[in-house]
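FYI, the numbering for the sequence shown is 1 to 526, going by the UniProt record's numbering.
Inspection log for the structure reproduced underneath, given as structure tokens.
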Amino acid sequence: MCAVALTGCDSFLDKQDPTATTFVEFFNTEEDLRRVVYSSYVDVFTAPNNRQTIFYMEEGKSDNAYSRVEGYHHQRIANGNFNSNTAAFLFYYELSMKHLGRLNTFIANADVPYVESEEVRQKYKSVLEALRIWHYFKLTARWGNVPFHLQPADLSSALQPATPKEEILNKLFPLAEEVASRLPEDEYTTNKYMFNRYSLKALTMRYALYNGRYELAANLAKEIMDSKKYQLYPVYKDLFQYTAASKNKEFIMHFDAEARGNASTYSFRDLGPHYRTGGGQSYTVPTKSLVDAYWTLQGRPIDKCPLHSKEEYELKPTLNRDPRYSASIMGQGDNFYGEKIDIFNENSPMYYEKERASKSGYWFRKYVADADAFKSGGAGTMDFGLLRYAEVLLTYAEAKIMLNQVDDLAKSCINQVRSRAGLDMTVADVTLPLYANYSQQQWIELIRNERRIEFAGEGLRYDDLIRWKIAETELNKPALGYTQKVNGELVSLKIEDRSFKPYNYLWPFHENSLRVEPGLTQNPGY
């Protein structure tokens, strides 16, 4: 960390004068500040071609999906085939630490009035501080106790012990509130991806929920709802297609064209079928576990709905199903670009045993647009939402459930999400007598599944497995795919075995990190 923090800034921005190393040369104009902020986003959070970090590929770390390429790190983390020498842990740790060093240096110098407008300086400084908070939220979620510095590091920092996670969080949450108060309330006309007041509050809300700070999470969610600045887009499936991805009031944190420097996006290549053009690579594909998690149109688990048997639902995933299934996933017998998918046809590029086909027999439909099927390399211009208003609603509901305070607003939040999805609200409405005597555990099961299917393919599931402490159950099951009936028995495609040990809730520090930072202590079990 220290070595990176002290490297200076001459290579961080593409300045006209590549030898510039002082802040008077870096911070001459507002555009200079904007480029600092943009680089801090795109290098870590909004790089469209980085399959190790892009949010939808994160699904491959969880029971929702399988990632077929080991080098992108998600596969190994999901199947448990890792240790303290696994490259993934050096990559993710160094990525954040490198940028924290840069952010600390820029933040420490942003108040020096090279740019005359104090309002402009404060805006960009606050956005940089918000990015620093985001890094520390992610680091503590993965490693627990980590080095914590809000000033540029020096050589002695490497010898200091890591700061306890709770101590870091006790500083981060008030700091996030203070920084948010300095940011403008409204989204920017340009550079929408940059933090504003409510997008930072929404991110803080997410990590308050992740860390069991339920009152804070509920209060932040309520504040965002009361602002009236966001709303659910009426058609769920359109949010993840060109129809509405760039024009809706549901996305609170944006991964749009400006966030990626107008570069192409590659969600079709990464998630789509290996179609006739060869653009789709099926890098990350849904599992049977996710498919079976979609409840019925009436909002009931597939093994508790009297209309059909569980076997019928397993054999035909579209039967009487929550409409979010067909909006999010496609598989055997579904149509793609006017053709019926047949994963058992050896002459089809979608044959499940081919290298670039789906090993599960399913594909994500989210972010996979027909319009991109014939574009070179599967490139497109799809915009994404890193945090949606639906998450605000379900966060309020979950926080209240965990506090055992299921009020009318919590039920309304669930109903809003279910109604927008197209469920049969004559049965799925949680204010009906059917739900009146629900125990806290029943509400927990409902909200957890609601989150899983609402945000399938959006990179949230792994964090949910970890914070709910259910990874030991779900990631010790084999990853399975499409199910068919053979000789009277249900048979599912077998992808891989998986393993999750009790100590895997925290990641190991890589051996290189321990050598460079003697103050670090390896997490238990590694």
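Glycine included, C-beta positions come from ideal geometry on N, C-alpha and C.
- Hey, quick one: how far does the beta strand (DSSP E) through valine 285 stretch, first residue to last? DSSP places valine 285 in the uninterrupted beta strand (DSSP E) bounded by 284 to 286.
- Message: Check whether the segment 326 to 333 and the segment 356 to 371 are in contact - that is, three or more C-beta pairs closer than 8 Å.
- Response: Contact between the segment 326 to 333 and the segment 356 to 371 is present, because at least three Cβ pairs lie under 8 Å.
- Can you say whether arginine 132 is buried or exposed, counting buried as having 16 or more other CB atoms within 10 angstroms of its CB? With 16 or more Cβ atoms within 10 Å of its Cβ, arginine 132 is classed as buried.
- Query: Taking three-plus beta-carbon pairs below 8 Å as touching, is the segment 447 to 461 in contact with the segment 51 to 63?
  - Reply: Taking one beta carbon from each stretch, the segment 447 to 461 and the segment 51 to 63 have 3 or more pairs nearer than 8 Å; the two touch.
- Query: What residues in its chain sit with their C-beta under 8 Å from that of tryptophan 443, if we drop five residues either side in the sequence?
  - Reply: Around tryptophan 443: Ile401 and Val406.
- Give the straight-line distance between the Cα atoms of alanine 88 and glycine 377, rounded to the nearest whole angstrom. Roughly 26 Å separates the two Cα atoms.
- Around the Cβ of glutamate 31, are there at least 16 other Cβ atoms within 10 angstroms (buried) or fewer (exposed)? Per the 10 Å Cβ criterion, exposed.
- Query: Which full runs of the alpha helix (DSSP H) of 4+ residues lie inside the segment 17 to 90, going along the chain?
  - Reply: Taken in chain order, the complete alpha helix (DSSP H) segments of 4 or more residues contained in the segment 17 to 90 are 23 to 26, 30 to 42 and 74 to 79.
- Are at least three pairs of beta-carbons, each pair with one atom in the segment 169 to 185 and one in the segment 124 to 144, less than 8 Å apart? Judged by pairs of C-beta atoms under 8 Å, the segment 169 to 185 touches the segment 124 to 144, as three or more such pairs exist.
- Message: Starting from histidine 254, trace the beta strand (DSSP E) in both directions and tell me its first and last residue.
- Response: In the DSSP assignment, histidine 254 falls within the beta strand (DSSP E) that extends over 251 to 255.
- Please confirm whether asparagine 404 and glutamine 441 have their CB atoms less than 8 Å apart. Not in contact: asparagine 404 and glutamine 441 (Cβ atoms no closer than 8 Å).
- Message: Assess contact between the segment 348 to 359 and the segment 309 to 321, defined as three or more Cβ pairs (one per stretch) separated by less than 8 Å. Is contact present?
- Response: When Cβ pairs closer than 8 Å are counted between the two stretches, the segment 348 to 359 is seen not to touch the segment 309 to 321, the count staying below three.
- Query: Given leucine 129, which residues of its chain have a CB within under 7 Å of its CB, disregarding the five upstream and five downstream residues?
  - Reply: Looking at the sequence provided, one finds glutamate at residue 129 rather than leucine. In the same chain as glutamate 129, and ignoring 5 residues on each side of it, the C-beta atoms closer than 7 Å to its own belong to Ile107 and Val179, in chain order.
- Could you check the C-alpha separation between valine 291 and aspartate 429 for me, to the nearest Å? Going from the Cα of valine 291 to the Cα of aspartate 429 covers about 23 Å.
- Message: Here's a check: name, in chain order, each residue in its chain whose Cβ is nearer than 8 Å to the Cβ of tyrosine 193, leaving out the five neighbours to either side.
- Response: Excluding positions up to five away in sequence, the list reads Tyr41, Thr46, Met253, His254, Phe255, Asp256, Glu258 and Ala259.
- Cβ neighbours of valine 491 in the same chain (closer than 8 Å, five flanking residues each side left out): Taken in chain order, the residues that qualify are Thr483, Gln484 and Lys485.
- Item | Alpha-carbon to alpha-carbon, alanine 479 and isoleucine 470 | Rounded to the nearest angstrom, the two C-alpha atoms are 16 Å apart.
- Message: Nearer than 7 Å: is that true of the beta carbon of tyrosine 92 relative to any heavy atom of the ligand ZN?
- Response: For the ligand ZN, the structure offers nothing, since it holds no ligand at all.
- Task: Grab the span of the alpha helix (DSSP H) containing glutamate 489 for me, first residue to last.
- Result: No alpha helix (DSSP H) holds glutamate 489; the beta strand (DSSP E) holding it covers 489 to 496.
- Measure the Cβ-Cβ separation of arginine 68 and tyrosine 283 and say whether it is below 8 Å. For the 8 Å CB-CB criterion, arginine 68 and tyrosine 283 form a contact.
- Item | C-alpha gap between glutamate 187 and leucine 200, whole angstroms | Distance between the alpha carbons of glutamate 187 and leucine 200: 11 Å.
- Item | Nearest-angstrom Cα separation, counted from alanine 293 out to tyrosine 236 | Between the C-alpha atoms of tyrosine 236 and alanine 293 there is a straight-line separation of about 18 Å.
- Query: Would the segment 413 to 425 and the segment 381 to 398 be scored as touching if the rule is three or more Cβ pairs under 8 Å?
  - Reply: Three or more pairs of CB atoms, one per stretch, sit closer than 8 Å, so the segment 413 to 425 contacts the segment 381 to 398.
- Task: Pull up the distance between the alpha-carbon of serine 264 and that of asparagine 248, whole angstroms please.
- Result: Taking the straight line joining both Cα atoms gives about 20 Å.
- Check whether the Cβ atoms of serine 499 and asparagine 476 lie closer than 8 Å to each other. In this structure, asparagine 476 lies closer than 8 Å to serine 499 by Cβ.
- Message: Quick check on the DSSP output: the beta strand (DSSP E) that includes threonine 431 runs from which residue to which?
- Response: It is not in any beta strand (DSSP E) - threonine 431 carries neither H nor E in the DSSP assignment.
- Query: Is it the case that the Cβ atoms of arginine 453 and aspartate 322 are separated by a distance below 8 Å?
  - Reply: Reading off the sequence, residue 453 comes out as isoleucine, not arginine. Going by C-beta atoms, isoleucine 453 is nearer than 8 Å to aspartate 322.
- alanine 369 beta carbon less than 8 Å from that of glutamine 241: Result yes, Cβ atoms of glutamine 241 and alanine 369 sit closer than 8 Å.
- Query: At what residue ranges does the segment 277 to 323 contain a whole run of the alpha helix (DSSP H), taking only runs of 4 or more?
  - Reply: Secondary structure within the segment 277 to 323: the alpha helix (DSSP H) runs of 4 or more consecutive residues, fully enclosed, are 288 to 293 and 310 to 315 (chain order).
- Query: Along the chain, which unbroken stretches of the alpha helix (DSSP H) at least 4 residues long are found entirely within the segment 373 to 417?
  - Reply: Those alpha helix (DSSP H) runs which fall completely within the segment 373 to 417 and span 4+ residues are 389 to 402.
- Message: What residue range does the alpha helix (DSSP H) around threonine 204 cover?
- Response: If you look at threonine 204, you'll find it in the alpha helix (DSSP H) that goes 197 to 210.
- Task: Keeping to the same chain, check which residues put their C-beta closer than 8 Å to that of glutamate 215; ignore five residues upstream and five downstream.
- Result: Around glutamate 215, the same chain offers Ala399 and Leu403 as residues with beta carbons nearer than 8 Å, after the five sequence neighbours per side are excluded.
- Message: Between Val44, Ala65, Asn83 and Pro152, which has its C-alpha nearest glycine 101's C-alpha?
- Response: With distances taken between Cα atoms, glycine 101 lies closest to Pro152.
- Item | Endpoints, alpha helix (DSSP H) assigned at isoleucine 447 | DSSP places isoleucine 447 inside the alpha helix (DSSP H), whose first and last residues are 440 to 454.
- Query: From this set, Glu355, Trp295, Asp303 and Lys354, which residue's C-alpha is nearest serine 326's C-alpha?
  - Reply: Out of Glu355, Trp295, Asp303 and Lys354, Trp295 has the C-alpha closest to the C-alpha of serine 326.
- Message: So the candidates are Val146, Lys165, Asn170 and Leu169; which of them puts its Cα closest to the Cα of leucine 159?
- Response: Considering only alpha carbons, the answer is Val146.
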